[in-house]
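Visitor:
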Amino acid sequence: MANIKEDRRSFIKFSTLGILGLTIGAGIIISPYALNAETRLRPPGAVSEKEFLALCIKCGQCLQVCPYHSISLADMAKGHGAGTPYIDARERGCYSCTAVPCVLACPSGALDHSCEKPADIKMGVAVLEFPNKCLALTNTLVPKGHSKRIHDFTNAQNNVTQLERDMLEKLDEFEGKQCTICADMCPIPNPLNAIAMIKDGIGNKPEVYAGCIGCGACEELCPANEAAIVIKPRLSYDDYYVKGIKS
Ligand code: SF4
Ligand code: SF4
Ligand code: SF4
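Numbering of the sequence shown is given in my numbering, commencing with residue 157 and proceeding in unit increments.
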């Protein structure tokens, strides 16, 4: 009898340690993915990340109605949250459509229908993360072919829209000029509330204001080899610029 008790104690001890070990092991493996999911830029109206992952039924309706091809569904390689929609801002930002059709199309509540207009969108906030790459700050003219990456992405889509063509036409006009792309292409109705170029040393630099919605168009269109301005997903202007929360 004593042996049986001892065996049970050992079994419980070692299975608990085993489960603990597995949990820690899995945590080590999963955590980078979980972290990625936490910092992923979600479409307009996305509820908190935890609720979003629980509510989204991965139906793809939001991306089907997006006229800019801004939204993709995460594949397995993206880890945690496979099949959920996200925006890769460097590839294609959101252009804050007047009626926010992606939100209207969402049947699950993952994109909150109280997000009805661009001013309601709160995806994140833009940050001049790499000032040494900013063409305006280093007084470098916008180079020839700067928009090729963006043309290539657009041309790869099946159904290029007139809105995308208009955006590209406007972007191409910056070639050979002083760079003001992030400020002048900011798609929200009152862009001066979000971003403006200010004098800084030998050049100018973009300054971000509280009206920024984190749509990511500036990150997409930045003509530097690597975007000088990037989006901090799910952070507000206050979080980043007032409270100093960096991620
Ligand atoms: S607001 Fe418009 S551009 Fe932005 S993700 Fe929704 S449908 Fe696409
Ligand atoms: S429409 Fe809503 S439920 Fe469907 S994939 Fe997009 S966010 Fe998820
Ligand atoms: S500065 Fe404008 S373009 Fe850039 S994320 Fe903010 S709202 Fe979007």
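Cβ atoms here follow ideal geometry from the backbone N, Cα and C, with glycine treated the same way.
No experiment lies behind these values; they were computed from the predicted model shown.
Helix, strand or coil for Val256? Go by DSSP, reduced to three states.
Guide: For the purposes of this step, residue 256 is taken as residue 100 along the sequence shown, with counting starting at 1. DSSP places Val256 in coil when its eight states are reduced to three.
Visitor: Quick one: give me the first and last residue of the alpha helix (DSSP H) that Val221 is part of.
Guide: To locate residue 221, count along the sequence shown from 1; it is residue 65. Here the alpha helix (DSSP H) through Val221 covers Gln217 to Val221.
Visitor: Looking only at C-alpha atoms, which of Met279, Ala292, Pro200 and Leu348 sits nearest to Val256?
Guide: Locating residue 256 in the sequence shown gives position 100, counting from the first residue. Taking only the C-alpha atoms, the option nearest Val256 is Pro200.
Visitor: Mapping the DSSP letters down to three states, classify Ile351 as helix, strand or coil.
Guide: Here the question's residue 351 lines up with position 195 in the sequence shown. DSSP places Ile351 in strand when its eight states are reduced to three.
Visitor: How is Asp356 classed by DSSP in three states: helix, strand or coil?
Guide: Looking up residue 356 in the sequence shown gives position 200. Strand.
Visitor: To the nearest angstrom, report how far apart Asn315 and Gly357 are at their CA atoms.
Guide: Locating residue 315 in the sequence shown gives position 159, where the first residue counts as 1. Locating residue 357 in the sequence shown gives position 201, where the first residue counts as 1. Distance between the alpha carbons of Asn315 and Gly357: 44 Å.
Visitor: Within the same chain, show all residues whose beta-carbon is closer than 6 Å to that of His302, passing over the 5 residues directly before and after it, in chain order.
Guide: In the sequence shown, the residue the question calls residue 302 occupies position 146. Excluding residues within five positions, the ones whose Cβ falls inside 6 Å are Pro379.
Visitor: Would you decide whether Glu329 is buried or exposed? Buried here means 16 or more other CB atoms lie within 10 Å of its CB.
Guide: The sequence position of residue 329 within the sequence shown is 173, counting from 1. Exposed is the call here.
Visitor: Between Leu319 and Pro241, how many whole angstroms is the CB-CB distance? I'm expecting something under 8 Å.
Guide: Along the sequence shown, one-based indexing puts residue 319 at 163. Along the sequence shown, one-based indexing puts residue 241 at 85. Not really, about 19 Å apart at Cβ, beyond 8 Å.
Visitor: Whole alpha helix (DSSP H) runs in the stretch 262 to 349 with 4 or more residues, listed along the chain?
Guide: Whole alpha helix (DSSP H) segments, 4+ residues: 304 to 311, 318 to 328 and 337 to 340.
Visitor: In whole angstroms, what is the alpha-carbon distance linking Ala404 and Gly216?
Guide: This structure cannot speak to residue 404, because the chain is shown only from 157 to 403.
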